[in-house]
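What follows is a short report on a single structure.
Numbering (the numbering used here), first residue to last: 34 to 232.
As structure tokens, then:
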């Protein structure tokens, strides 16, 4: 018997809660992304003071939006799937194992280039053959080093999908035995679905 959607969401919530938080920045170090979110910027400590060349920021600056929860049950009529899960790149194998134990099959793997955020996202789509329930698992990696583990040991059918995602986005699946180009020419040194690709 497969778990209910709520039970599955609870398993993924426990996985997301176990994620190792990034190490805090050293005291006094600028926080990455703070300037973009309206926070302080190095060199602006004098802003707004008399004689300062930089005017003060308006007091009505909007607070950054709260991050979405890592596990959400969503309306399949609107989204096309039932459960949306975000995990760390180091957790994709554990997330695949949860899906496998619950009787899900792998439908596809693809990438998304979030160029403005300097990140790449890998999206795993799973389906339950008797559900019908669809599950999406996402993991983001730095754009400069887009790398995460293969899930071949859990879903051997991931072979083709990981190779395709590597071809088109340049995302490396560590542990994959054969990431050579197979849809692109063998000498291809480009990834055509990256947003900065120019033919």
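From the three backbone atoms N, C-alpha and C, an ideal C-beta is built for every residue, glycine too.
Can you tell me which residues form a DSSP beta bridge with residue i?
i: residue 154; result: 145 and 173
i: residue 161; result: 166
i: residue 138; result: 160
i: residue 180; result: 205
If we count the other Cβ atoms within 10 Å of its Cβ and call it buried at 16 or more, is residue i buried or exposed?
i: residue 179; result: buried
i: residue 4; result: Residue 4 is absent from the structure shown; the chain starts at 34 and stops at 232.
i: residue 108; result: exposed
i: residue 117; result: buried
i: residue 131; result: buried
i: residue 183; result: buried
i: residue 48; result: buried
i: residue 157; result: buried
i: residue 191; result: buried
i: residue 222; result: exposed
i: residue 230; result: exposed
Using a Cβ-Cβ cutoff of less than 6 angstroms, which residues in the same chain neighbour residue i once the five nearest sequence positions on both sides are dropped?
i: residue 67; result: Legend: pLDDT at residue 67 = 35, less than 50; position of this residue unreliable, no value from coordinates given.
i: residue 138; result: 160
i: residue 128; result: 120 and 170
i: residue 105; result: 117
i: residue 103; result: 49 and 119
Leaving out the 5 sequence neighbours to the left and right, which residues in its chain are closer than 7 angstroms to residue i when beta-carbon positions are compared?
i: residue 228; result: 146 and 148
Using DSSP with H/G/I as helix, E/B as strand and the rest coil, what is residue i?
i: residue 271; result: Past the edges of the chain, shown from 34 to 232, lies residue 271, and the structure says nothing about it.
i: residue 204; result: coil
i: residue 109; result: helix
i: residue 118; result: strand
i: residue 219; result: coil
i: residue 104; result: strand
i: residue 212; result: coil
i: residue 129; result: helix
i: residue 48; result: helix
i: residue 185; result: coil
i: residue 99; result: coil
i: residue 37; result: coil
Please list, in chain order, all residues of the same chain as residue i whose beta carbon is under 8 angstroms from its beta carbon, the five residues on each side excluded.
i: residue 198; result: 142, 143, 144, 155, 204 and 206
i: residue 113; result: 167
i: residue 212; result: 195, 196, 199, 205 and 206
Quiz item: Given 8 angstroms as the limit, is there contact between the segment 155-167 and the segment 209-218, that is, 3 or more CB pairs closer than that?
Solution: In short, these stretches do not touch, since the Cβ pair count stays below three.
Quiz item: Between the segment 165-181 and the segment 122-133, are three or more C-beta pairs nearer than 8 angstroms?
Solution: Contact holds: three or more Cβ-Cβ distances are below 8 angstroms.
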